[in-house]
Each structure stands twice: as C-alpha cells, then as structure tokens.
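Novice: Listed in order, the protein sequences are those of chains A and B. For the first sequence, counting from 1, position 62 maps to 58 in the numbering used here; every step adds exactly one. So the number in the numbering used here is just where the residue sits in the second sequence, counting from 1, plus 158. We put the CB at the ideal spot given by N, CA and C, even for glycine.
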Amino acid sequence: MTVAFLQLTLGLYFIGVLLSLVYLLRRSEFLARVALAATCLGFVIHTVVLAVQVFSGEEVQWVTFHKALSFFSWALVVVFLLVVLLQRLYVLGAFILPIAFFSLVSTAILPSETPVLQPMFRAMWVHVTLSMLGAVGFAVAFVAGVMYLMQDRLLKSKQFNVLSFKLPPLDFLDMLNQRSMLLGFPFLTLGILTGAMSAQLTLGSYVSWNSEQIWALVTWVFYFVVLMGRVTVGWRAKKAAYLTIVGFAGVLLTFIGVVLKGNGAPIS
Amino acid sequence: MNIIVVGVSHKTAPVELRELLAVPDSRMGEALNRLMAHAGIREGMLLQTCNRVEVYAVADQVEQGFSAIQEFFVDTHFSVSAEQLLPRLYCHAEDRAITHLFRVASSLDSLVVGEPQILRQVKDSFQEALTHNATGVLLNKLVKKAISVAKRVRTETGIAENAVSVSYAAVELAKKVFSNLAARTVMLVGAGEMAKLAARHLVNHGVHEVLLTTRDPVRAADMAARFNGVSIPFEEFHANMHRADIVLCSTGASHYLIGHEDVERAVRARWNQPIFLIDVSVPRNIDPDVRQVDNAFLFDIDDLESHIEQNREERRLEATRAESIVKDEVAVILKWLQSLKATPTIIALRKQADALKQAELQKALSRLGTLTQQQQEAVEGLASGIVNKLLHGPLVALKSAAQSTNGLVYIEAARRFYDLGRSLSGQESANVQDVQDAEGEDALTDALAPEPTEDPEQKRISRQASGL
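Quick look at the structure:
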C-alpha cells in the first residue's frame, strides 16, 4: 500500500518539478500555481506515508537509508512550502523540488536489503533524523548558492531576461544561504555526535574510519571553516555561494558513503 | 441600442486642444447632465486623462449619437470650433468602441504602453458617471468588464513589469541586488540632473540615508537640504564609499573619479557585501574595469539605456499578447450583447401569448357557465399547458440563436411568424427592466455593483449608486 502511495507522491512531485522548471522561463503564474498544487497534494500523501511508517511499524524500521532519504525529501518540500508561504517565491521550486524528487526516486533505485541493526542502540533514529535535518539545511544553502551565482552572472553580463526577473535579489539569496547553513550546522554536529555514540555502542569504538564517517567529518570541518570565515573575514555573497556548493558535494559523498558501506543501513 | 465612443487622444490632437476639452472635476456633474440631455443618448461616461478626453455612450442610433457627442464637445469650451475639432475626433461604434475601451483600460493605447495610472482613471470616471446616474445596464457591464480585462492583462502579461525611464531603471536594477531599499544608503557623487532624479526615485522607495558629495560646497549644502542627506567633503568621498550600498555618479569631470582599487577597497571594507554603482556621466566617471571586481555591480548610461530598450521590446511583445486577450474578451462581451437583442422579442412573445390565453380563457369560461373551482383550474391549466409547450421550442431556439452570428435572422423570423409588430431597427433598445426580466435579479445587481474601493467616501457614493 505504501509503495503505491509513494509512487503517487513521486508522480505528483514530478509534475511539480516539471512545471516549476517551465515556469522558470515562462511568464505564467498559472504554471506556478499548478506546480504548487501538485506539490502540496504530493506532500500530503508523503506525510501520511511517513506517519504510517513511523507510528505503525517498529521503531527500528525508521532507520533504513530509504526511509531517511524519504524524510530528507519530505523536509525539503516543507522548506519549499514555507518559503512560498512566507515569501511567495515560487521560483525556488525549480531548484529545490528536483533535489527532493531525485532523493525520493533514489529510494526506489537503491538496493533494499533489510538493515542489520543492533538492538543495543534503539535511538538510532535520532542520529538519522538529526543528520538528515543537517543535510536539508545544506541543500537549501546549496540551492541559494546556485541561485545567487545565476543572478550574479546575469547582472554582471547585463542580461535582463525572464530568469533575472524571477530570481530574487542577491541580498535575499545571501541571507537564505547563511540562515540555512546556520540551521543545518548544529543538526549535522548533533547527528555526528549521536552517530559516534551509536558506533561506540554497536562496534565498540567511536570512529571506524569508513567512507561515511570520513566524509561526514570532512563536511563538518568544511562548513565550520565556511561559517567561521563568514563571521571573521567576510566570506559572504559570491564566495559563500561557491563554498556552499562545494560543501554540498561533501554531503552527497557522505550519502554515497552510507550506501557503499551498508547496503542501505546507516549503521556507524 | 448602440455602444459608441467619440474622443481625442494624444494620437489625434495636441495638448492645446485636449486641455480645452477637459472638464474640471467640480463641473463633471453638469457636463454629464449636458451629455445626457442630448436626444438619443441613453447612457454616458466621460473619461479624461492627460492624454485623452473621450465620451462613451449608449445611443439609439449610431450616427445620431456621434453628432450628439460631437456637439457636446464643441459646447464644452467657447474657444473650440467645430472646424478645428471635428477632424481630430475619432468615432467608433459597437465592437470597435468596445475594443477601444478595453485597450484604453489595459493601457495599450497609452503614450507609455503599460503605464499603471489609466486603470485608476477609468475607475474614477466610471464612479463619477455612476454618481450622476449617467450609466445604465450596458455601460456598467462594459466598464466593469474593461476593468477586469485590464487586471487580467496586467497579471497575465508582463506589460507593466519593467521600467522604461533611465532614472527608474536604476531603481529597478538596485532592487535586483537589494531586496529592501529601506535599510540602504545611497551616495550621490556630483550633481548631474539624471543622478538627482534617480536619487529622488530611490528616496521615494524608502532609502534610509543619502550621502552627498560635490566639488561645490554651496551646491552640496543645497542638495543635502533637498534630500535630507549628509554632505561629505569631495576629497573624502573615496574613504566613505564603503558606507554606501548604492553609488550614483554624475559629474562633469573628464576622467575616472572612481577606479578599480577604490571599489575593491570599498567591497573589502563592506565584508564583501555587494555594492551597486551607477555612472550616468558622459564622459564616464567610473572606470569600466570596476566590472571585474567581485560583488560590485557597475552600470553606465549605455547599460541603463539598453536595459530600457530591452524593457520596451519586452513590453511590445507583451502588448501583442495583451491584444489577443482583449480580442477574446471583446468576443465574450459581444456574445452577451447579442443575446440581449433577443430579449425584447422574447418578452413580446410571452406577453402576446399571455394576452391570447387570457382572452380565450375568458371566452371559454363565459360559455361554460358556472364551473366548480376544480373545473376552472383544469381549464386554465389546459390553456397554460398548451401555451407553454408551444412557446418552449421557439424561446429556447431564440435564446441560443441570439448568440450566434445569424441570430438577427431568427429574431426577425420570430417577429414575423408571431406578428410582433415593430421591426428590428426600432426595438433593439432593451431597457433595464427587460434585461432584468430576461436575466433575473442577479444579473442586474451584479452589473450595477460598483468596483469595491478603499476610500470610505467612495464607498458611500457606491452605495448610493447601487441603490439606483
């Protein structure tokens, strides 16, 4: 049943993505509204699926990487809907929804073997949720960075087209970049700490130097430096945009590390 | 019943003539009364802006209506002569008049296509006409439709989206960098007219602080007073540049006043926050190399001009889309008008049938003598049933045929078959009551309902007007 619902969600998100991308280059508010409606509907179904999975199954079921990616996708849509609600910034959909869509698609593509979970650390879902919330923050920062660079390029090259009209002002994008990074960072920090604790409980040591852990730490250090740079030497605007794009690559590599390591089970 | 428009605009008459025709607001009521006093004018509305003076009217006869309004215009001002005015007037009727109204309201006929004031002016004129009882069912419907068409054009096309003046383009571009100008500081270097105009626009958009610098201290003090700004000695402006988010440069200097290093230093001092520079001086005062500096956005006069040209081009493209919206909406309203033409025939047919039924009933009842209540009802029911069933087909056919192109043929045929008297040319003017009968209460109240306005005074007038 949940599979059918997830497919329906995927279909609706796909419509949202497609129309948002067309909206980027067309002057039609109607497209944006249909995209929003499809996304909202998909979101409602997605929420129901997640709720069913969390509350009906066993706690540990939550902790497969599939579910985590599904949650990641869901949380990205939450951010999108919030920004649309507060700022009427439909154009964000063209950037953020593809990420949400593809992360949900990947749950269908990735090998789905039953995770081998150690019962000793039942609070594993805390680690997964926190890490994913961190990833959401960095994904939004990444999207803001990409939009910033596009707007910057359009302004520098004096191209005033539909795209430059739709993209928000530079200072807004810089602020979005900063705030989402500031929100993502504490979550990632807590995610890594809880991950290390679970490793200590299950494997007997805090760090086992697998690819997931290495990339998670590299990513953490990178974002730490970027945030410090912002506060101390003014790494903002264009530089911050570039850095968050690079940083998101670290997040993706950590995801890949998880997949390589555990056939879908994010056990540290 | 014909919809007509007669008027002058910036396209047909110079301002010297247009200003003579304009009626002061205080005498609008008198003017409308004078217009309505002409024979054959059923409804009227006077629209005047700085670019046009027009009368929209519903007239019994097109030609008669045209000459009535022409007469009205000639009478407006003693120094206006018919010889001088008549060649300048344009006269449109029916679909061309409706198209004209829709195009005017949508700002497609404006001097600056897409300018936003015209819609307000159309609403005000309509309100004025409503207040003086000059409009009726047709103009109410038409003007309301024109307003909704204009809104549709504004939301569905980009006709009014972009700036088309240099000084405003500066504001528009600044808004691509800074979302909220209220927290921003602008620095005005030099006292060129264009920069002052742009600064004025920025101040109107709520710029927080204005810094000024010119070589002439007297001028600086004068400008500081005008913009409520802070004057900075010319020698020190480089050192203060980092305080400004927007730098407007317009001096008579023949060399670059702001170089690559100056901007680089300012951006560093601003911790890489973007700085927006506009150079409207010729020769240029800001080194074009500044473009290479990250987080600095330099626009010179050519960039602004090309931005505006792009905007104009965009508006032209959008205008063609707007024209097709107008065309669609005119078709819709024409259909409605067409359907009105069947109304008098339908009403006449019903009345005739009712009269016949009553007459025949009286005859039959008097012949039958005393009948019980039940028997009388049965006879009456029989008559009503036959009449209604016989009429049903023709009425439905008339209603639907009226909206088609050959609707008039059906109407004429019905009139002849049922011997309904008056020929078509004389009976087209369905009065308010007829329309109400044909369309039900809602259609009329809807047509008469004025645009919602924020102004309580106008609301009061609207309420009075809707109580017509």
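Chain A partners of residue 312 of chain B, CB-CB under 7 Å?
Specialist: Start at 1 with the first residue of the second sequence, and residue 312 of chain B comes out as number 154. Going along chain A, no residue has its Cβ under 7 Å from residue 312 of chain B, so there is no contact; the nearest lies around 11 Å.
Novice: Excluding the 5 residues flanking residue 123 of chain A on each side, which residues of the same chain have their C-beta closer than 7 Å to its C-beta?
Specialist: Taking the first residue of the first sequence as position 1, residue 123 of chain A is located at position 127. Only 187, 190, 191, 194 meet the Cβ criterion.
Novice: By the criterion of Cβ-Cβ separation under 7 Å, what are the contact partners of residue 468 of chain B in chain A?
Specialist: Sequence index remark: in the second sequence, residue 468 of chain B carries index 310 (1-based). Ordered by position in chain A, the residues that pass the 7 Å Cβ test against residue 468 of chain B are 156.
Novice: Counting only Cβ pairs nearer than 9 Å, list the residues of chain A close to residue 465 of chain B.
Specialist: Position 307 of the second sequence holds residue 465 of chain B. Correct list: 154, 156.
Novice: For a test of the three-state rule: what should DSSP assign to residue 141 of chain A, helix, strand or coil?
Specialist: Start at 1 with the first residue of the first sequence, and residue 141 of chain A comes out as number 145. Here residue 141 of chain A sits in helix by DSSP.
Novice: Who does residue 435 of chain B pair with in a DSSP beta bridge?
Specialist: To locate residue 435 of chain B, count along the second sequence from 1; it is residue 277. Per DSSP, B:405, B:456.
Novice: Between B:222, B:441, B:270, B:166, which lies nearest to residue 409 of chain B when the distance is taken from Cα to Cα?
Specialist: In the second sequence, residue 409 of chain B corresponds to position 251, counting from 1. Ranking B:222, B:441, B:270, B:166 by Cα distance to residue 409 of chain B puts B:441 first.
Novice: By how many angstroms is the C-alpha of residue 281 of chain B removed from the C-alpha of residue 180 of chain A?
Specialist: Working through the first sequence from its first residue, we reach residue 180 of chain A at position 184. Working through the second sequence from its first residue, we reach residue 281 of chain B at position 123. Their backbone Cα atoms lie some 51 Å apart in a straight line.
Novice: Taking buried to mean at least 16 other C-beta atoms within 10 Å of its own C-beta, is residue 374 of chain B buried or exposed?
Specialist: Taking the second sequence and counting its residues from 1, the one referred to as residue 374 of chain B is at position 216. Under this definition residue 374 of chain B is an exposed residue.
Novice: Once the 5 residues before and after residue 234 of chain B are set aside, which same chain residues still bring their CB inside 6 Å of it?
Specialist: What you label residue 234 of chain B is simply residue 76 of the second sequence in a count that begins at 1. The answer, listed in chain order, is 179.
Novice: List the residues of chain A that residue 335 of chain B touches, going by C-beta distances under 8 Å, in chain order.
Specialist: By 1-based counting over the second sequence, the position of residue 335 of chain B is 177. Within 8 Å Cβ-Cβ: 151, 165, 166, 167.
Novice: Less than 7 Å separating the Cβ of residue 16 of chain A from some heavy atom of the ligand MN?
Specialist: This structure lacks the ligand MN, and indeed carries no ligand of any kind.
Novice: Using a Cβ-Cβ distance under 8 Å, would residue 15 of chain A count as near chain B?
Specialist: Position 19 of the first sequence, counted from the first residue, corresponds to residue 15 of chain A. No, residue 15 of chain A does not count as interfacial toward chain B.
Novice: Residue 401 of chain B: which of B:383, B:434, B:381, B:413 sits nearest, CA to CA?
Specialist: Translated into the one-based positions of the second sequence, residue 401 of chain B becomes position 243. Of B:383, B:434, B:381, B:413, the residue nearest in Cα terms is B:434.
Novice: From residue 242 of chain B to residue 248 of chain B, what distance separates their C-alpha atoms?
Specialist: For the purposes of this step, residue 242 of chain B is taken as residue 84 along the second sequence, with counting starting at 1. For the purposes of this step, residue 248 of chain B is taken as residue 90 along the second sequence, with counting starting at 1. Computed Cα separation, rounded: 13 Å.
Novice: Please list, in chain order, all residues of the same chain as residue 246 of chain A whose beta carbon is under 7 Å from its beta carbon, the five residues on each side excluded.
Specialist: Your numbering for residue 246 of chain A matches position 250 in the first sequence. If we look at residue 246 of chain A and ignore the five residues flanking it on each side, its Cβ neighbours are 211, 214, 215, 218.
Novice: Give the list of continuous alpha helix (DSSP H) stretches no shorter than 4 residues that lie fully inside the stretch 492 to 531 of chain B.
Specialist: none
Novice: Taking the beta strand (DSSP E) that residue 38 of chain A belongs to, which residues open and close that run?
Specialist: Taking the first sequence and counting its residues from 1, one reaches residue 38 of chain A at position 42. Counting along the chain, residue 38 of chain A falls outside any beta strand (DSSP E), though it belongs to the alpha helix (DSSP H) covering 25 to 52.
Novice: With burial defined as no fewer than 16 other Cβ atoms inside 10 Å of the residue's Cβ, what is the status of residue 137 of chain A: buried or exposed?
Specialist: Position 141 of the first sequence, counted from the start, is the residue given in the question as residue 137 of chain A. Buried, because 16 or more other Cβ atoms sit within 10 Å of the Cβ of residue 137 of chain A.
Novice: Is it right to say residue 602 of chain B is buried, meaning 16 or more other beta carbons lie within 10 angstroms of its own, or is it exposed?
Specialist: In the second sequence, residue 602 of chain B corresponds to position 444, counting from 1. Here residue 602 of chain B scores only 34 on pLDDT, less than 50, and its place in the model should not be relied on; the value that follows carries that caveat. Classification of residue 602 of chain B: buried, given that the 10 Å Cβ count is 16 or more.
Novice: DSSP beta-bridge partners for residue 251 of chain B?
Specialist: As a first step, residue 251 of chain B must be located in the second sequence, where it is residue number 93. B:162.
Novice: Is residue 160 of chain A close to chain B, meaning its C-beta is less than 8 Å from at least one C-beta of that chain?
Specialist: Looking up residue 160 of chain A in the first sequence gives position 164. By this cut-off, residue 160 of chain A is an interface position.
Novice: Does the Cβ of residue 529 of chain B have 16 or more other Cβ atoms within 10 Å, making it buried, or fewer, making it exposed?
Specialist: Locating residue 529 of chain B in the second sequence gives position 371, counting from the first residue. Residue 529 of chain B sits exposed, since fewer than 16 C-beta atoms from the chains shown fall within 10 Å of its C-beta.
Novice: Give the DSSP bridge partners of residue 541 of chain B, in chain order.
Specialist: Taking the first residue of the second sequence as position 1, residue 541 of chain B is located at position 383. Looking at the DSSP output, residue 541 of chain B shares a beta bridge with no other residue.
Novice: Hey, how far is the Cα of residue 185 of chain B from the Cα of residue 176 of chain B?
Specialist: On the second sequence, position 27 is the one that residue 185 of chain B refers to. On the second sequence, position 18 is the one that residue 176 of chain B refers to. Each residue's alpha carbon lies about 17 Å from the other.
Novice: Please tell me whether residue 549 of chain B and residue 511 of chain B are closer than 8 Å, where the distance is taken between their beta carbons.
Specialist: Within the second sequence, numbered from 1, the residue matching residue 549 of chain B stands at position 391. Within the second sequence, numbered from 1, the residue matching residue 511 of chain B stands at position 353. For residue 549 of chain B and residue 511 of chain B, yes; Cβs fall inside 8 Å.
Novice: For residue 317 of chain B, name the three-state secondary structure that DSSP assigns.
Specialist: Here residue 317 of chain B refers to the residue found at position 159 of the second sequence. Residue 317 of chain B: coil per DSSP, three-state reduction.
Novice: Hey, is residue 319 of chain B's beta-carbon within less than 8 Å of any beta-carbon in chain A?
Specialist: As a first step, residue 319 of chain B must be located in the second sequence, where it is residue number 161. Closer than 8 Å to some Cβ of chain A, the Cβ of residue 319 of chain B qualifies, so yes.
Novice: When you compare the CB of residue 587 of chain B with every CB in chain A, is at least one pair closer than 8 Å?
Specialist: Translated into positions along the second sequence, residue 587 of chain B becomes position 429. With a pLDDT of only 42 at residue 587 of chain B, under the threshold of 50, the placement of this residue in the model should not be trusted, and no figure is reported.
Novice: List, in chain order, every chain A residue whose beta-carbon is nearer than 9 Å to that of residue 449 of chain B.
Specialist: Translated into the one-based positions of the second sequence, residue 449 of chain B becomes position 291. Neighbours of residue 449 of chain B on chain A, chain order: 152.
Novice: Contact criterion: CB-CB distance below 8 Å. Does residue 441 of chain B meet it with respect to chain A?
Specialist: In the second sequence, the residue the question calls residue 441 of chain B occupies position 283. Output row for residue 441 of chain B: interface = no.
Novice: With distances taken Cα to Cα, identify the nearest neighbour of residue 245 of chain B among B:165, B:207, B:253.
Specialist: Within the second sequence, residue 245 of chain B is the residue found at index 87, counting from 1. With distances taken between Cα atoms, residue 245 of chain B lies closest to B:165.
Novice: For residue 264 of chain B, which residues does DSSP report across the bridge?
Specialist: The count along the second sequence starts at 1 and reaches residue 264 of chain B at position 106. Looking at the DSSP assignment, residue 264 of chain B forms no beta bridge with any residue, so it has no partner.
Novice: DSSP has residue 215 of chain B in a bridge; who is on the other side?
Specialist: Here the question's residue 215 of chain B lines up with position 57 in the second sequence. Answer is B:162, B:202.
Novice: Would you be able to state if there are at least three C-beta pairs under 8 Å between the stretch 486 to 496 of chain B and the stretch 450 to 467 of chain B?
Specialist: Result no; under three Cβ-Cβ pairs closer than 8 Å.
Novice: Residue 228 of chain A and residue 141 of chain A: beta carbons closer than 8 Å?
Specialist: Position 232 of the first sequence holds residue 228 of chain A. Position 145 of the first sequence holds residue 141 of chain A. The answer is no: Cβ separation not under 8 Å.
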